[in-house]
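Residue numbers (numbering that gives the first Met the number 0): 0 to 203.
Ideal Cβ placement from N, Cα and C applies to all residues, glycine included.
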Amino acid sequence: MSDQKRNYRMRRRAELEERTRRRITASAVALHEELGPARTSISAIAERAGVRRSTVYRHFPDEETLFAACSSHWRAANPPPDPHAWAAIEDAAARTETALRELYAFYGRTQAMYRSLLRDEPLVPVVQRRLRDFYGYLRTIRDVLIAGRGLRGRAANRTRAAIGHALAFPTWHSLTHEQGLADDDAVALMCLLVERAATQPRDV
0 MSDQKRNYRM RRRAELEERT RRRITASAVA LHEELGPART SISAIAERAG VRRSTVYRHF
60 PDEETLFAAC SSHWRAANPP PDPHAWAAIE DAAARTETAL RELYAFYGRT QAMYRSLLRD
120 EPLVPVVQRR LRDFYGYLRT IRDVLIAGRG LRGRAANRTR AAIGHALAFP TWHSLTHEQG
180 LADDDAVALM CLLVERAATQ PRDV
């Protein structure tokens, strides 16, 4: 066999392997969203991807590698809003409103996945580890929204807590699904909460 043919076959094999890997990853992501990680088995992933269980294990020998691939795949398709873009908004109230409006729109687009992940978080250790990045992202937003308010002591603590509550996915879900508010009304309500917390007597 010539080197040219050998190289072509090697490239072709690599392409097929990469396609298989992507198909397995996409199947796992879909099942995590539909059923939740706790109820997603390797057999179900293999069946959905049209491969054998052994093929799944060959590409992803453990949960960590599978979830890392799933996270990268899902984030690429669902990029969250950039908190640093909000930092340029000088008015703190306008900054909070903009952030909540964009974050709540993101939650609306991704709610099925977050419902599944947060429901299964206590049950699946790898989900707990993966969600650390999400919670870190929310802390970054909170820091951006509290910056420049000149708060200290209990007023700062109240405002930080109010912002953290407003940013949480369960808060958005409760307001829009259980209480029936539109996103705009949910944003307005949480902005009132944050600004009320910030304008109370600034005690130490």
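- Straight-line spacing of the CA atoms in D81 and R20 works out to 29 Å.
- Put simply, the backbone Cα of R138 is about 18 Å away from that of R74.
- In this model, A111 and L30 are separated by some 11 Å (Cα to Cα).
- Here the stretch 168-175 makes contact with the stretch 106-125; the two share three or more CB pairs at distances below 8 Å.
- Collapsing the DSSP output to three states places P82 in a helix.
- The DSSP assignment places complete alpha helix (DSSP H) segments of no fewer than 4 residues inside the stretch 30-84 at 41-48, 52-58 and 62-76, in order along the chain.
- Linking L166 to L116 through their CA atoms gives a straight-line distance of about 17 Å.
- In this structure, the beta-carbon distance from C69 to A43 does not fall below 8 Å.
- If you look at T95, you'll find it in the alpha helix (DSSP H) that goes A91 to D119.
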